[in-house]
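*Asks:* In terms of full-length UniProt numbering, the sequence shown opens at residue 1 and continues consecutively. All C-beta atoms in this analysis are idealised placements derived from N, C-alpha and C, irrespective of residue type, glycine included. Please read these numbers as outputs of a predicted model, since none were measured by experiment. Mind having a look at this structure? Questions to follow.
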Amino acid sequence: MDPTGAWDRAETEAFLERETIPIRLSCRTKGDDLWMLSLWYRYRDGALWCATSAEADVVDYLSHDDRVAFEISTNEPPYKGVRGNGTASVDSDPDKDLLKTLLERYLGGTDSPLAKRLLSPDRDEVRIRIDPDRVYTWDFSHRMAGSVPERE
1 MDPTGAWDRA ETEAFLERET IPIRLSCRTK GDDLWMLSLW YRYRDGALWC
51 ATSAEADVVD YLSHDDRVAF EISTNEPPYK GVRGNGTASV DSDPDKDLLK
101 TLLERYLGGT DSPLAKRLLS PDRDEVRIRI DPDRVYTWDF SHRMAGSVPE
151 RE
């Protein structure tokens, strides 16, 4: 990944590893319509990894067309983030290892009612690997300095 924009590779990777903002993922349906969804993600080894149910519509869509666009950006000013495009691949995660990692990352553990429901043995889970082709970063911190309250 060689990003263009505000950050170099190290800054981009630090943002992706630090932030727990869902990734907004865009793909095409089998009818060639655009589709957007939000998923939890983890950045590792140059790829973005997401987990979802094997029954999710996006799994069907990606089997038809593996090209995707994505954005991971802050929701509060000063705005900053990473966007790009690439290809996605889907494979089974029978032990739900990635889902467990994402539950730890986003919820702090696997003991919540949501985690227990997602980890149910009756639910089949898949991993989505997004390999970025183009990555662009932006950081409006300098531009917005003095315009928004400081956040801790």
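For Tyr43, report the span of its beta strand (DSSP E) as first-last.
*Replies:* 41-44
*Asks:* Spatial neighbours of Gly5 within its chain, please: CB distance less than 7 Å, with the 5 preceding and 5 following residues excluded, ordered by chain position.
*Replies:* Tyr136, Thr137, Trp138
*Asks:* Quick check on the DSSP output: what are the complete beta strand (DSSP E) runs of length 3 or more inside the region 8-45, in order along the chain?
*Replies:* For the region 8-45, whole beta strand (DSSP E) runs of length 3 or above, ordered along the chain, are 23-28, 34-39, 41-44.
*Asks:* Alpha carbon to alpha carbon, how far is Ser92 from Val59? Give it in angstroms, no decimals.
*Replies:* 11 Å
*Asks:* As a quick exercise: from Arg42, Asp45, Ser53, Ile128, pick the residue whose alpha carbon is nearest that of Pro121.
*Replies:* Ser53
*Asks:* Give every residue of the same chain whose Cβ lies closer than 6 Å to the Cβ of Thr29, excluding the five residues on either side of it in the sequence, and list them in chain order.
*Replies:* Trp35, Tyr61
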